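Beneath this line is the structure, given in structure tokens, with notes to follow.
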Amino acid sequence: MTRKENLLLNLKENIFCKLGSSNIHGVGVFAIKDIPKGTVVFKFSNFHPDRDELVDIYEDEARSLSDEVLNLIKMYCGISRFNSYVIHENGLNHIHFGYYLNHSNEPNLKIYSDPNAKEHEYVNFITVKDVKIGEELTEDYRDLSGSEENLETQYPFLKKKDN
């Protein structure tokens, strides 16, 4: 199959969402068609794993960046279980829809990693229930890291409320 044929097939079969104004927070990701449970939603056309890996950037390394870039990293990149920011090797210019997923305690997506993928290869998301056209796609931010404390510091709204 040619690259163009592969791209056209991807556009027909694997494009599920668009960005839009969210009632949860700012910008969100919305289904443009019904998406069945078990669907991997952000497949990449012409995907080349050798050119699409994630890199761990630690806090002391991130401090060498401008405040504006550091704020973007803190906004878009969860703190990993290694206590690092996980950033695409091409930097923030490679942001895709997954970065715009809003948090929900009852998400319709979960992080999905191909069991055959290389360590730190780009993760994806899979639907955990049927999603209807127009519905906002969400994830549970607590699944971003093994450190609940780090995530609560980064995303204060995740803190458990004392009642």
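Read in order, the letters of the sequence shown correspond to residues 707 to 869 in the working numbering.
Even glycine gets a Cβ: it sits at the ideal position worked out from N, Cα and C.
Here the structure is a predicted model, which means the values were calculated and not measured.
Assign Tyr847 to one of two classes, buried (16 or more other C-beta atoms within 10 Å of its C-beta) or exposed (fewer than that). buried
Can you tell which of Arg787, Asn856, Leu815, Thr859 has its C-alpha closest to the C-alpha of Lys743? Leu815
Spatial neighbours of Ala737 in its chain, beta-carbon cut-off 7 Å, leaving aside the 5 residues before and after: Phe722, Cys723, Val837, Lys838, Ile839, Gly840, Glu841, Leu843
At which residues does the alpha helix (DSSP H) containing Tyr847 begin and terminate? Taken as a continuous stretch (DSSP letters only), Tyr847 belongs to no alpha helix (DSSP H), as it is neither H nor E.
By Cβ distance below 7 Å, which residues in the same chain neighbour Leu776 in space, the five residues on each side in sequence not counted? Ala768
Residue range of the unbroken alpha helix (DSSP H) whose run includes Tyr782: 773 to 782
What is the DSSP secondary structure of Asp766, counted as helix, strand or coil? helix
On the premise that Ile763 lies in contact with Gln860, defined as a C-beta separation below 8 Å, what is that separation, rounded to the nearest angstrom? Between Ile763 and Gln860 the Cβ distance is about 14 Å, and since that is not below 8 Å, they are no contact.
Taking the continuous alpha helix (DSSP H) assigned at Thr859, which residues delimit it? 854 to 860
Cβ-based neighbour list, Leu778, same chain, cut-off 6 Å, excluding 5 preceding and 5 following: Leu798
CB-CB under 8 Å to Lys835, same chain, minus the five flanking residues each way: which ones, in chain order? Lys743, Asn814
Three-state secondary structure (DSSP) at Asn799? helix
Note down the Cα distance separating Ser810 from Glu845, rounded to an integer number of angstroms. 6 Å
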